[in-house]
Amino acid sequence: MQPLTMQPINHQPPAITSSMDLAQVDPQWAWEPWQASEQEPWNESRLRLLLRRGGFGGEPKSIAALKDLPYTAAIEALIGSDAKREQERFEEDSAQLLAAVRAGGNIQRLAAWWVHRMIHSPSPLIEKMTLFWHGHFATGADKVIDTELMAQQNQVLRKHAIGDYRQLVHEVAKDPAMLLYLDSASNRKAHPNENFARELMELFCLGEGNYSEKDVQELARCFTGWEIRRKSFRFNSYQHDSGAKTLFGIEGIESGEAAIDQVLAHRAMPMFMAKKLFRFFLCDEPEPSQELLAPLAQKWVESDHQVEPVVRMILSSRLMLSGWSIGKKIRSPVELAIEWVRALDISTNLDRLSKGLGAVGQSLFHPPNVKGWDAGRAWINSSTLIGRANLLVDLLQDANTRFAGGELNAWVKSQQITTAESLATMLEDSLLAISLSDSERSQWLEQSTQGNRFKEMLLWLSQNPKLHLT
Amino acid sequence: MMYRRSFTKTALGSSMGVAIGSAVPAGWLQTVSANLAQQESALQTSAEQGSAGGDQDRVLVVIQLSGGNDGLNTVVPYRDERYRKARPELGISESEVIKLDDAMGLHPAMRPVEHLLESQRWSIVQGVGYPSPNRSHFESMDIWHTCHSKKDRSNSGWLGRWIADQKSVDLNDSLAVHLGAETLPLACQERGVQVPSLASLEQMRLRSKVAATMSSESSSQNANGGLLDFVSTSTQAAVQVSQRLENVLASPDSSGDFPGSGLGEKLRVVSRLILAGVRTRVYYVSLDGFDTHANQPQAHAGLLRQWAEALGAFTKRMQSAGQQDRVLVVTFSEFGRRVAENASHGTDHGAAAPMFLAGPKLPKLLHGAPPDLSSLDDGDLKFEIDFRSVYASVLESWLGTSSLKSLDGDYRAAGNALGLFS
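Line by line, the protein sequences are chains A and B. Under the numbering used here, the first residue of the first sequence is numbered 22, with each subsequent residue one higher. Under the numbering used here, the first residue of the second sequence is numbered 433, with each subsequent residue one higher.
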């Protein structure tokens with residue numbers, strides 16, 4: 022195949038296939054906004070891809086509402102906040118639920134509350150990005166041991182989900198749950214505690230190799246005296262080392278705030294975030310080249326640390342929507358379960374569902390460590406594969422589970438589906454990024470003939486390897 | 433040298449590869465029960481013969497202490513004035529330690545392994561590390577897992593490469609198994625090698641009767657190393673492991689008394705698998721929480737106690753089953769901690785630290801020089817022994833296999849010089 026970089030300046034949409042090597046992709050081509058054409062029409066499969074990557078898939082009713090609208094309207098529905106009235110009503114409900122959770126103080130219920138948001142929010146991208154930030158600024162409830170503080174942090178992440186990254190870092194640095202998790206709250210001037218300082222550079226902003234051990238020690242001094250009082254940030258000047266510090270060779274830095282600004286101004290920052298967002302939205306592997314990431318990093322700089330323009334650039338790119346990205350990511354447990362729930366209009370016991378997520382490696386509010394979830398192939402092993410199938414089976418068989426409020430067979434009927442063949446097509450469209458082979462499909466239909474046939478078909482699907490790809 | 437048992441030539445033929453995720457031989461599931469019975473009798477025979485069964489019989493259990501275990505407060509230089517000065521709040525005093533000699537002592541929480549000290553089944557390798565220490569948890573852990581420095585990073589781990597190197601072994605069990613709900617450690621990864629991760633035995637039960645469909649499509653159709661290939665082969669492996677464990681679960685639980693802690697539960701499962709005749713040679717478990725930047729004394733004591741109690745119970749169970757001479761437990765952490773404590777009653781990331789060996793008779797209690805607190809590198813202990821030489825010795829002298837591919841280098845001379853095994 023002719024490498025893309027050999028294309029003339031006038032970038033004709035090349036016949037890109039999902040098997041194309043990422044190294045062959047021309048960066049300029051990749052990040053131009055995708056446009057519908059005769060070869061690449063705007064259709065339901067592209068809409069579903071967009072909703073999977075930018076959110077948690079679509080319920081039958083939102084797919085029906087969006088599929089005949091132009092592409093730009095779908096993008097706006099995902100990224101913009103069109104549905105104001107719907108949003109307000111949802112937020113009222115969610116706030117009431119949260120108040121009850123906060124009063125109870127049970128972290129598992131907080132996780133269930135978040136799962137409820139992921140299923141029902143009219144702005145799924147915000148929930149998706151909140152999940153991204155939870156993995157990015159990973160904070161574990163086991164160490165924080167305060168559901169209220171975890172809830173507060175979750176709100177901070179949501180508030181800035183696609184907003185100003187600089188603002189987000191400043192707020193997270195003073196967020197009580199983070200102060201506890203990375204020991205800032207006990208960072209005193211006599212012997213500074215380096216935990217938060219190191220991770221701020223290594224995991225939150227720059228990546229390992231872009232700072233020295235000396236920078237870690239100096240940065241830790243900047244954060245001395247950052248404490249918690251009555252569940253809020255408090256600056257204790259008695260414990261603060263007010264001497265001058267030197268960071269990245271820049272002298273005369275004093276406060277923690279000034280130090281954060283220096284970290285954010287570091288030249289490695291935009292590329293670090295571009296890479297992380299690329300992997301979150303586009304593909305698990307291989308690693309993108311610096312050249313491919315450069316336009317994203319450039320966008321980050323141009324928009325002055327605003328997240329939304331970069332996310333929009335990724336979601337609406339040719340690389341995303343041409344078809345190349347299909348099947349290039351492994352579904353996280355949250356994606357697997359929430360998309361399954363949404364596609365089948367399921368309502369169920371959310372406590373049980375959120376607990377089930379933990380059994381397959383993604384317990385909300387309990388990331389494995391400060392680096393968050395590794396994602397990609399790391400989601401998959403013998404236990405999680407059996408566990409994923411069990412999670413979906415449990416969901417189907419839970420006594421509380423309803424399909425649009427009723428029984429499975431009634432729901433199937435309400436979707437104008439009468440045969441196993443048409444149900445197979447519907448499930449394949451809504452849950453699989455990569456279609457089944459003919460032999461798989463005929464096996465599916467042959468094996469699911471006993472008892473409740475529709476349920477048997479779902480049980481079969483719950484164990485198919487392709488279900489793990491998105 | 434290739435030790436083989438007669439049962440490896442069974443109905444299975446030689447089709448079952450080492451990597452459990454490779455092609456599934458027809459009829460594999462049917463042969464499991466019969467094969468398990470044969471293995472059990474083979475195990476009894478080898479148990480009767482003691483360790484005379486040869487290197488191929490030996491098992492390695494790796495315990496990873498994640499977060500950076502404070503080596504100085506685990507193996508304490510209790511008479512060293514500089515230690516006292518650096519650790520005014522956190523220091524462990526002479527009256528508290530379990531004395532190893534007139535300079536070094538164990539943290540008092542380590543009492544549950546005292547029986548190993550008494551029976552000469554415990555060794556400490558002091559001052560273990562590697563050149564240009566990295567103080568990032570993740571980078572340093574990667575170095576321990578891959579045996580590569582950050583500059584020539586690798587996507588495969590030492591045990592993953594070791595498995596890939598064991599081509600001529602016919603076993604129907606995976607050569608290595610990871611116990612735990614966390615991600616498969618990089619140490620066990622290698623392209624084409626599937627090491628099962630078991631969160632628990634119960635969790636490996638498929639709760640649906642349509643199990644046979646789980647791996648519906650032959651992976652050879654997708655064998656391009658991509659994600660689809662990966663999820664397909666992983667699914668096949670998962671189904672096989674699930675079926676194999678059904679048999680283990682069906683056998684009576686002879687694991688014995690274990691503490692109810694996370695690590696205790698993992699080692700209980702390891703003991704159950706070993707005693708059920710599973711032929712896995714390497715088990716990998718970890719205990720997290722050693723990143724004690726603040727309020728260290730209680731947290732560290734609790735973690736050491738959990739480790740020592742689980743290890744104590746495990747070695748006792750191996751002993752009562754007559755398996756104590758074929759199971760070695762090696763414990764490591766990605767780094768030690770700063771010599772000087774910080775102001776939050778904790779310690780920050782450091783460098784060199786001890787490793788621990790337990791199980792069979794071991795010739796020497798303490799290897800390497802005690803920590804030299806008069807010669808620090810930016811506040812950290814300097815390493816004396818490269819961890820790869822310890823790995824080399826374990827792979828060569830304990831498991832009886834080559835260490836060259838596993839370690840991507842020749843550490844045999846340094847490993848031999850350590851004299852870890854008799």
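By construction, the Cβ of each residue, glycine as well, lies at the ideal position given by its N, Cα and C atoms. Model, not experiment: these values are computed from the prediction.
- Note that the C-beta distance between A/G397 and A/E461 is not below 9 Å.
- Using a Cβ-Cβ cut-off of 9 Å, B/H580 is close to nothing in chain A; its nearest Cβ partner there is about 15 Å away.
- Taken atom to atom, the span from the alpha-carbon of B/S640 to that of B/F767 is near 44 Å.
- For B/R567, the residues of chain A that pass the 9 Å Cβ criterion are E215, R219, E234 and V237, in the order they occur in the chain.
- Boundaries for B/Y515: no beta strand (DSSP E) harbours it, while the alpha helix (DSSP H) harbouring it runs E513 to A518, taken from the DSSP string.
- CA-to-CA, the gap between B/L633 and B/R700 works out to about 11 Å.
- Residue-level contact by beta carbon fails for A/T151 and chain B, as no gap is shorter than 9 Å.
- No residue range can be given for B/L532, since it is assigned to no alpha helix (DSSP H) and is classified by DSSP as neither H nor E.
- Excluding the 5 residues flanking it on each side, A/K195 has same chain C-beta neighbours closer than 8 Å at W247 and F254, in chain order.
- Between B/V560 and B/E741, the C-beta gap is not smaller than 9 Å, which leaves the two residues out of contact.
- Within the region 696 to 783 of chain B, complete alpha helix (DSSP H) segments of at least 4 residues are found at 728 to 752, given in chain order.
- Shown here is that no member of the region 522 to 546 of chain B has a Cβ falling below 8 Å from a Cβ of chain A.
- Measuring C-alpha to C-alpha distances from A/I249 to each of A/Q283, A/W154, A/L317 and A/L201 identifies A/L201 as the nearest.
- The beta carbon of A/S483 lies closer than 7 Å to those of A410, L413 and V414 in the same chain, with the five residues before and after it left out.
- B/I556: member of the beta strand (DSSP E) spanning W554 to G561, first to last residue.
- Put simply, the region 539 to 548 of chain B does not touch the region 772 to 787 of chain B. Fewer than three CB pairs are less than 8 Å apart.
- For A/T151, there is no enclosing beta strand (DSSP E); the enclosing alpha helix (DSSP H) covers residues P145 to H157.
- Listed along the chain, the chain B residues whose CB falls inside 7 Å of the CB of A/N208 are S776.
- At a cut-off of 9 Å, the C-beta of B/Q626 has a neighbouring C-beta in chain A.
- Put simply, the backbone Cα of A/D47 is about 10 Å away from that of A/L340.
- Neighbours of B/T667 in chain A, taken as residues whose beta carbon is under 7 Å from its own, are L406 and P486 in chain order.
- Taking C-beta atoms under 8 Å as the contact rule, B/L497 and B/F722 qualify, at a distance of about 5 Å.
- In this structure the region 108 to 126 of chain A does not lie against the region 146 to 160 of chain A, because fewer than three pairs of beta carbons, one per stretch, are closer than 8 Å.
- Annotation: the region 216 to 252 of chain A contains the following complete segments of the beta strand (DSSP E) (minimum length 3 residues), in chain order: 247 to 250.
- Contact with chain B is found for A/D395, since one of that chain's Cβ atoms lies less than 9 Å from the residue's Cβ.
- In this structure, B/N505 is the residue among B/V494, B/V493 and B/N505 with its C-alpha nearest to the C-alpha of B/T724.
- DSSP places A/K266 in the strand class (E or B) of the three-state scheme.
- In this structure, the straight-line span from the alpha carbon of B/A801 to that of B/A518 is close to 19 Å.
- By the criterion of a C-beta distance shorter than 8 Å, A/R209 is surrounded in its chain by T245, G246 and Q260, once the five residues flanking it on both sides are discounted.
- Under the three-state reduction of DSSP output, B/P786 falls in the strand class.
- In the structure shown, the three-state DSSP call for A/D185 is strand.
- Here the alpha carbons of A/E442 and A/E467 stand approximately 11 Å from one another.
- For A/F293, the secondary structure class from DSSP, reduced to helix, strand or coil, is helix.
- A/K349 has a beta carbon lying within less than 9 Å of a beta carbon in chain B.
- The Cβ neighbour count for A/S338, taken over all protein chains shown within 10 Å, is at least 16; the residue is labelled buried.
- In this model, A/L457 and A/W345 are separated by some 18 Å (Cα to Cα).
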